[in-house]
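Written below as structure tokens is the structure these notes are about.
In the working numbering, the protein residues as written are 296 to 1077.
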């Protein structure tokens, strides 16, 4: 072991190889469970064979550190980190000298972040393993009254990032008094630089509060004492609001998760720690942080949180909008443990106290009451602004309360927000939609109890100027649609179809941002349906696709093209949806017979997505229909190239009519030119029978679909797959024009350009006659 560990201070490649071997030995070939669960005393364990092995490994690591004249390499520190995590709490006994050695580098070396990064991570592993209390016993953060400085403050960021399973009592009895002492010293100091450093230390210590709330070991016993301190701090120091709110949120949410039996897999997610999952789970398990303990903690939190809840709401009403966001999250967490009846009582009394209870007369009567109480125009305007702000903030609180509200409380909230859902502007409308969206998300009973009223409130409205309002309304439509479709009844499906029609209507909006919101809503609906269980022999996705296909016939062109674009988007995101609808390709090809240009363009876009996403075997089955369907149209070069790549040129030629072979030959020649361009130093991939990757093409397609205009779309289609040599050929041909102004060889039309390029120049009369003959043969352009 000592010989192998000695290689850790060799050159980088040798040190890395030695570190990998040692880490494998530590992680895979040592039964750490033997001594972690041992009931032996420390002295007896040290004398045991297992203890001797551990002592030997730790001594070797310590010798390596002693041999380092500067900060150890990342390879050495990685081995020590693994050792900390595997030994766990016992590392406080076996690795104390290593911790002290690491602390010397943090104290004495110029703290360039790059230099000490791996030392910080290694000490972080020590914090996870043995806990913050034992680390602080070895390396105390203290106040030097003579130097008027706080010592070892470099440890604060490490504790903040890596603490888990600490003690609320330790924070209350040690961290808080230390912060208070430093604050008192700061008040007596006059030198600005010293005062600034001391204030930074005070803030740093209080910022440790959220870290000590990550699965603390004594929540049920010591939360009340912590809550009393926090109430005072909230009133005295406005700068502490954010980290106190974050700490309460962490404490409540993590216990609630464990109470609901969502254990190990959520621990790393809620803590944000990136360390070894074994160490985190064992750290929590070592303190018996079980579901039973979590339930006991939640009871303690509920009994001691009401005053904190009220204090945070008072701060919420006095705070600017940017500060209210994090306060609302914490208030919502506390509401979840306080119980629906307690929160409902508080909510109703707050509405009464603020004069916002008037569900029958609505907003107009409220504003009229304001006019009666203040005769001056200026006073009335100020009062109305204050009223608008208060009801908007109550709407925000209502959103936070919905999560754990019972049916009675949800009805009260809906009665409050309903008058504002009929408004057209203002922050209250946006908040009302957000509240309704949260109600709809988790309460299917409410959807079916209020479905007719909800449809009237959400459908047939114009696009608002404020896109955030439209986004919130789309969120409501999303959840309403999903609940109705899952019901899988004829009446519910009819209403769901009306919602889909509303979304498709916005797909054709003149504003790019509005169209993108509509597309995003479709994707969210698709994702929700994909994650849900089947409610009938037909899948929810199949029902969605059949609804969209219902627009493929008998709809106005702008609605039909919107439905086709919606289908394109869904299949682009998940090609498996193609198989939800039998004979989809045939149904799409029939759309090419439509007379509306916008329908033809949307259909060609859908065909491009289909041939891009589908496997070659599926394309070959319908290759004759695809080829004969698309070739009479212009702007299909990209589609033909994809088909050739995926099915092979030989398969395409077998089903290709003679009159189109010149067009396809041009494509293959230009693609071969891309291969030749490699000789000039610009690598291009040759045309192949099958293309294993088409993601770049799809990205271009949907950047146009979601963002581009029709002009940009035509431009990208005409320039797709053009290499360096192809661009030169394009520019050369562009200089030559027919007498009637048409470009020679630049059109993607299968008969225009390719055949004309080979003919001698003729007079204008014969030219027009020949063009007329081509149009009679059926040459069509979009």
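Backbone N, C-alpha and C fix where the C-beta goes; we use that ideal spot for every residue, glycine too.
Just so we're clear, the structure is a prediction, and the values are computed from it rather than from any experiment.
Does any CB atom of chain B fall closer than 8 Å to the CB of residue i?
i	result
residue 962	Annotation note: the requested chain B is absent from the structure, which comprises a single protein chain.
What number of angstroms, rounded off, separates the C-alpha of residue i from the C-alpha of residue j?
i	j	result
residue 888	residue 801	25 Å
residue 384	residue 422	9 Å
residue 424	residue 724	50 Å
residue 776	residue 709	19 Å
residue 820	residue 459	38 Å
residue 900	residue 844	16 Å
residue 683	residue 647	15 Å
residue 620	residue 824	30 Å
residue 498	residue 474	8 Å
residue 694	residue 733	7 Å
residue 686	residue 696	15 Å
residue 438	residue 652	54 Å
residue 890	residue 853	12 Å
residue 453	residue 543	21 Å
residue 963	residue 942	14 Å
residue 419	residue 822	38 Å
residue 917	residue 735	43 Å
residue 507	residue 679	44 Å
residue 349	residue 386	10 Å
residue 690	residue 455	34 Å
residue 757	residue 954	50 Å
residue 444	residue 808	55 Å
residue 914	residue 939	11 Å
residue 748	residue 624	29 Å
residue 366	residue 393	13 Å
residue 574	residue 375	In this predicted model, residue 574 has a pLDDT of only 46, less than 50, meaning its place in the structure is not dependable; the value taken from the coordinates is given anyway. C-alpha separation (whole angstroms): 14 Å.
Taking the beta carbon of residue i as the centre, do at least 16 other beta carbons fall within 10 Å, making it buried, or is it exposed?
i	result
residue 323	exposed
residue 816	buried
residue 726	buried
residue 755	exposed
residue 640	exposed
residue 411	buried
residue 863	buried
residue 377	buried
residue 485	exposed
residue 312	exposed
residue 849	exposed
residue 714	buried
residue 511	buried
residue 613	exposed
residue 785	exposed
residue 728	buried
residue 826	exposed
residue 789	exposed
residue 549	buried
residue 642	buried
Quick one: measure Cβ to Cβ for residue i and residue j, integer angstroms, because I've assumed they're closer than 8 Å.
i	j	result
residue 611	residue 629	So it is not a contact: roughly 12 Å between Cβ atoms.
residue 471	residue 524	6 Å
residue 894	residue 856	5 Å
residue 780	residue 838	6 Å
residue 504	residue 538	6 Å
residue 882	residue 840	The pair is not a contact, with the Cβ atoms about 11 Å apart (cut-off 8 Å).
residue 529	residue 606	5 Å
residue 600	residue 522	7 Å
residue 934	residue 903	5 Å
residue 787	residue 798	17 Å between Cβ atoms; not a contact.
residue 716	residue 692	Residue 716 to residue 692, Cβ: 17 Å. No contact.
Please tell me whether, using a cut-off of 7 Å, the distance from the CB of residue i to the nearest non-hydrogen atom of the ligand ADP is below it.
i	result
residue 964	The ligand ADP is not part of the structure shown, which contains no ligands of any sort.
field: Contact between the region 507 to 515 and the region 471 to 482 (3+ Cβ pairs under 8 Å)
entry: No, because fewer than three Cβ pairs between the region 507 to 515 and the region 471 to 482 fall closer than 8 Å, the two stretches do not touch.
- prompt: Where in the region 404 to 453 do unbroken runs of the beta strand (DSSP E), each at least 3 residues long, occur, reported from the N-terminal end onward?
  reply: Here the runs fully enclosed are 437 to 439, 444 to 446.
The region 305 to 312 touching the region 355 to 363, judged by at least three CB pairs closer than 8 Å: The answer is no - the region 355 to 363 does not touch the region 305 to 312, with fewer than three Cβ pairs under 8 Å.
- prompt: Can at least three beta-carbon pairs, one atom from the region 636 to 654 and one from the region 583 to 591, be found at a separation below 8 Å?
  reply: The region 636 to 654, when compared against the region 583 to 591, does not touch it at the 8 Å Cβ threshold.
- prompt: Fully enclosed by the region 732 to 793, which alpha helix (DSSP H) runs are 4 residues long or longer?
  reply: Taking only runs of at least 4 residues, the alpha helix (DSSP H) segments lying wholly in the region 732 to 793 are 739 to 744, 746 to 753, 762 to 782.
Three-pair Cβ contact test at 8 Å for the region 756 to 765 versus the region 784 to 795: Cβ pair count under 8 Å is below three, so no.
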